[in-house]
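Since the structure comes first, as structure tokens, the remarks are kept for the end.
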Amino acid sequence: MSIELKKDDGIVTITNEVIATIAGGAAIECYGIVGMASKNQLRDGIAEILRKENFAKGVVVRQEEEHVHIDMYIIVSYGTKISEVAHNVQSQVKYNLEKTLGLKIRSINIYIQGVRVIQD
Amino acid sequence: MTQKNITGSMLANMVLAGGANSLTNNADRIDALNVFPVPMGDTGTNMNLSITSGASEVKKSDQSSVSAVANAFAKGLLMGARGNSGVILSQLFRGFAKGLEGKKELDIDSFVIALDNGVSTAYKAVMKPVEGTILTVAKDTAAEAQKIAEEEKRYYFFFRKSCTCF
Numbered sequence: 001m002s003i004e005l006k007k008d009d010g011i012v013t014i015t016n017e018v019i020a021t022i023a024g025g026a027a028i029e030c031y032g033i034v035g036m037a038s039k040n041q042l043r044d045g046i047a048e049i050l051r052k053e054n055f056a057k058g059v060v061v062r063q064e065e066e067h068v069h070i071d072m073y074i075i076v077s078y079g080t081k082i083s084e085v086a087h088n089v090q091s092q093v094k095y096n097l098e099k100t101l102g103l104k105i106r107s108i109n110i111y112i113q114g115v116r117v118i119q120d
Numbered sequence: 001m002t003q004k005n006i007t008g009s010m011l012a013n014m015v016l017a018g019g020a021n022s023l024t025n026n027a028d029r030i031d032a033l034n035v036f037p038v039p040m041g042d043t044g045t046n047m048n049l050s051i052t053s054g055a056s057e058v059k060k061s062d063q064s065s066v067s068a069v070a071n072a073f074a075k076g077l078l079m080g081a082r083g084n085s086g087v088i089l090s091q092l093f094r095g096f097a098k099g100l101e102g103k104k105e106l107d108i109d110s111f112v113i114a115l116d117n118g119v120s121t122a123y124k125a126v127m128k129p130v131e132g133t134i135l136t137v138a139k140d141t142a143a144e145a146q147k148i149a150e151e152e153k154r155y156y157f158f159f160r161k162s163c164t165c166f
């Protein structure tokens, strides 16, 4: 699966992997995020944190007609305002994809797959 | 000026009259600083909304101990956190409040420890801390405050030095 952008000089094709890596990279820079999780998580109920090369497992890119939709599966830190963290991820991912790929995103759906309690 | 300990009502006053007020008054300037992560120019507005929520909890709180005041402030910040900066602010004070848990009054040394605890709590909540943000400012302030505290035990001078070290 890939996304095609029609430009005046031809077509630019961006694979979903690329979008997933950029979206994931933008997301983990957000404050309050502990990591990306897999979409098909839950071995013994514990959400595993994905490594950078596997971000595509936690980012689903869908194209419906002209619009691009993204689903992201994340793990957040305990004790933060999770609704606000999710909102920050949405705006940051949207901004980064538009800036680097020139890709307009219609919606970014966030799935909180886990919350990590950090001992101190 | 030679005061050694901070009481609950003093801390409340520091938050309300000092911190929250100056943030409110300078929200526009902070908006103009906002270039990361998304340059929307709303950091000042977000932080102002967050700290206002924290301040209103402090107003309602029991001001007989610093611990109660700090906890109320942290709770208010958490509930009212807006934007990245607001969430970071809430984490800084969550750690700060935890660092002085159970204390009735605060001396310089425990103030510095609480400050440091705030910074480490805030750093734990992010996978990839990007330096050059408010996190860096908080970290350097806490480190500098620690140095100043080693020789200066009088509050007035301690805060004056800590605030001007940048």
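Protein chains in written order, with full-length UniProt numbering: chain A, 1 to 120; chain B, 1 to 166.
Virtual Cβ for every residue (Gly too), placed ideally from N, Cα, C.
Keep in mind that this is a model prediction, so the values were computed, not measured.
For residue j and residue i, the rounded distance between their alpha carbons
i: glycine 102 of chain A; j: glycine 25 of chain A; result: 16 Å
i: arginine 106 of chain A; j: histidine 87 of chain A; result: 15 Å
i: isoleucine 28 of chain A; j: glutamate 64 of chain A; result: 26 Å
i: glycine 41 of chain B; j: aspartate 31 of chain B; result: 5 Å
i: arginine 82 of chain B; j: isoleucine 148 of chain B; result: 32 Å
i: glycine 58 of chain A; j: glycine 79 of chain A; result: 23 Å
i: arginine 116 of chain A; j: lysine 7 of chain A; result: 43 Å
Local Cβ density within 10 Å of residue i, reported as buried at 16 or more and exposed below that
i: methionine 1 of chain B; result: For methionine 1 of chain B, the predicted model reports a pLDDT of 48, less than 50, meaning its position is unreliable; a value from the coordinates is still stated below. By the neighbour-count rule (16 or more Cβ atoms within 10 Å), methionine 1 of chain B is not buried but exposed.
i: alanine 68 of chain B; result: buried
i: leucine 33 of chain B; result: exposed
i: serine 77 of chain A; result: buried
i: methionine 1 of chain A; result: exposed
i: threonine 136 of chain B; result: exposed
i: cysteine 163 of chain B; result: exposed
i: isoleucine 74 of chain A; result: buried
i: valine 119 of chain B; result: buried
i: serine 85 of chain B; result: buried
Coil, strand or helix - residue i by DSSP
i: lysine 104 of chain B; result: coil
i: threonine 133 of chain B; result: coil
i: glutamate 37 of chain A; result: Rather than glutamate, the amino acid found at residue 37 of chain A in this sequence is alanine. Here alanine 37 of chain A sits in strand by DSSP.
i: methionine 1 of chain A; result: coil
i: aspartate 116 of chain B; result: helix
i: asparagine 88 of chain A; result: helix
i: threonine 63 of chain B; result: A quick correction: the sequence has glutamine, not threonine, at residue 63 of chain B. In this structure, glutamine 63 of chain B counts as coil in the three-state DSSP scheme.
i: asparagine 34 of chain B; result: coil
i: lysine 7 of chain A; result: strand
i: isoleucine 28 of chain A; result: helix
i: methionine 1 of chain B; result: In this prediction, methionine 1 of chain B scores a pLDDT of 48, lower than 50, which makes its location untrustworthy; the coordinate-derived value is nonetheless stated afterwards. Three-state result, methionine 1 of chain B: coil.
i: tyrosine 73 of chain A; result: strand
i: asparagine 109 of chain A; result: strand
i: glycine 83 of chain B; result: helix
i: arginine 51 of chain A; result: coil
Contact under 9 Å by Cβ, residue i with residue j
i: serine 38 of chain A; j: asparagine 16 of chain A; result: no
i: isoleucine 70 of chain A; j: isoleucine 112 of chain A; result: no
i: aspartate 107 of chain B; j: asparagine 5 of chain B; result: yes
i: lysine 103 of chain B; j: valine 66 of chain B; result: yes
i: valine 126 of chain B; j: lysine 81 of chain A; result: no
i: isoleucine 51 of chain B; j: glycine 8 of chain B; result: no
i: threonine 24 of chain B; j: asparagine 46 of chain B; result: no
i: alanine 72 of chain B; j: serine 90 of chain B; result: no
Review point. Between the region 35-65 of chain A and chain B, which residues of the former have a C-beta closer than 8 Å to a C-beta of the latter?
Key: Gly35
Exercise for review: Residues of the region 127-153 of chain B with a CB closer than 7 Å to any CB of chain A: list them in chain order, please.
Suggested key: Met127, Lys128 and Val130
**Study point:** Members of the region 85-98 of chain A near chain B, C-beta cut-off 9 Å
**Key:** Val85, His87, Asn88, Ser91, Gln92, Lys94, Tyr95 and Asn96
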